[in-house]
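Peer 1: Take this structure, written in structure tokens, and hold onto it; I'll ask about it next.
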Amino acid sequence: MENSLTYKTIRDRCQSIAMELTPDMPTTNSVDAWESFIEQLDELRDDSYSQVLEGVESTDWAIYTHYGWKILHAVPQDAINDAEENYLACNGDLTLNEVEGGCFDIWSLQSAIAFYVLVAMVEDALSTILYELQDLAQTTIDNL
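With the working numbering, you'll find the sequence shown wraps up at 144, consecutive numbering, no jumps.
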């Protein structure tokens, strides 16, 4: 197990999660294969948030609460602020007294906020990858 996390480690892991979500590249170099690939990219783009949630939920970083503290210490403050806003928006703007059934638990709260940091980072990485793959596919079709 790692003793500390760096922003680069977190960013690289989020990139890896995003890559795992993308469809396989076409195995044949035909217009039909590349058009089918573009359709798969569009389907992923339409359902990306739920796919990202599943991808992040499956990591050990989301499962073990001690990673929340490490993640929050490694990422920029603006990422934490955005994640906190997303957490509160998704949970009905809870007050501290309502967190974890009325019992404030800093470990659970920081893990939840860290989870939304990871979600945002994977979403950003996936968006970039989808754009690049779409461009590659369209360029390939144009050149066939």
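All C-beta atoms in this analysis are idealised placements derived from N, C-alpha and C, irrespective of residue type, glycine included.
No experiment lies behind these values; they were computed from the predicted model shown.
Take the Cβ of Lys8 as the centre, count every other Cβ of all protein chains shown within 10 Å, and call the residue buried at 16 or more, exposed below.
Peer 2: Along the sequence shown, read from residue 1 onward, the residue named residue 8 stands at position 8. Answer is exposed; the Cβ neighbour count stays below 16.
Peer 1: Please classify Val75: does DSSP put it in a helix, a strand, or coil?
Peer 2: By one-based count along the sequence shown, residue 75 stands at place 75. When DSSP states are grouped into helix, strand and coil, Val75 belongs to the coil group.
Peer 1: Kindly indicate which three-state DSSP category Thr22 falls into: helix, strand or coil?
Peer 2: Numbered from its first residue, the sequence shown carries residue 22 at position 22. Looking at Thr22 - three-state DSSP - the assignment turns out to be coil, as it is neither helix nor strand.
Peer 1: Report yes if the C-beta distance between Ala74 and Leu5 is below 8 Å; otherwise report no.
Peer 2: Counting from one through the sequence shown, the residue named residue 74 turns up at place 74. Counting from one through the sequence shown, the residue named residue 5 turns up at place 5. Their beta carbons are under 8 Å apart, which means Ala74 touches Leu5 by this criterion.
Peer 1: Tell me the rounded alpha-carbon separation between Leu145 and Met19.
Peer 2: Because the chain in this structure spans residues 1 to 144, residue 145 falls outside the shown range and cannot be described.
Peer 1: Give the DSSP-derived three-state secondary structure of Thr59 in the structure shown.
Peer 2: Translated into the one-based positions of the sequence shown, residue 59 becomes position 59. Reduced to three states, the DSSP call for Thr59 is coil.
Peer 1: Pick helix, strand or coil for Leu5, following the three-state DSSP scheme.
Peer 2: By 1-based counting over the sequence shown, the position of residue 5 is 5. Under the three-state reduction of DSSP output, Leu5 falls in the coil class, being neither helix nor strand.
Peer 1: Let me make sure I understand the geometry here. Which of Asp124, Asn143 and Gln138 has the alpha-carbon closest to that of Arg45?
Peer 2: Locating residue 45 in the sequence shown gives position 45, counting from the first residue. When only C-alpha atoms are compared, the closest one is Asp124.
Peer 1: Of the choices Leu21, Trp34 and Val31, whose alpha-carbon is the least far from that of Val56?
Peer 2: In the sequence shown, counting from the first residue as 1, residue 56 sits at position 56. Taking only the C-alpha atoms, the option nearest Val56 is Leu21.
Peer 1: Beta-carbon separation of Leu72 and Val119 under 8 Å?
Peer 2: Mapped onto the sequence shown, residue 72 falls at position 72. Mapped onto the sequence shown, residue 119 falls at position 119. Not closer than 8 Å, so no.
Peer 1: If distances are taken between C-alpha atoms only, which option among Glu39, Asp12, Tyr87 and Glu85 comes closest to Asp24?
Peer 2: Working through the sequence shown from its first residue, we reach residue 24 at position 24. Looking only at Glu39, Asp12, Tyr87 and Glu85, the smallest Cα-Cα distance to Asp24 is reached by Glu39.
Peer 1: Using only the alpha-carbon positions, how far apart do Glu2 and His66 sit?
Peer 2: Locating residue 2 in the sequence shown gives position 2, where the first residue counts as 1. Locating residue 66 in the sequence shown gives position 66, where the first residue counts as 1. Note that Glu2 scores a pLDDT of 48, beneath 50, so its modelled location is shaky; the value from the coordinates is reported in the next line. Cα to Cα, Glu2 sits roughly 11 Å from His66.
Peer 1: Should Ile106 be labelled buried (16 or more other beta-carbon atoms within 10 Å of its own) or exposed?
Peer 2: In the sequence shown, the residue the question calls residue 106 occupies position 106. So Ile106 counts as exposed.
Peer 1: For Ile129 and Leu136, what's the separation of their Cα atoms in angstroms?
Peer 2: As a working note, residue 129 is residue 129 in the sequence shown. As a working note, residue 136 is residue 136 in the sequence shown. Going by the C-alpha atoms only, they are around 10 Å apart.
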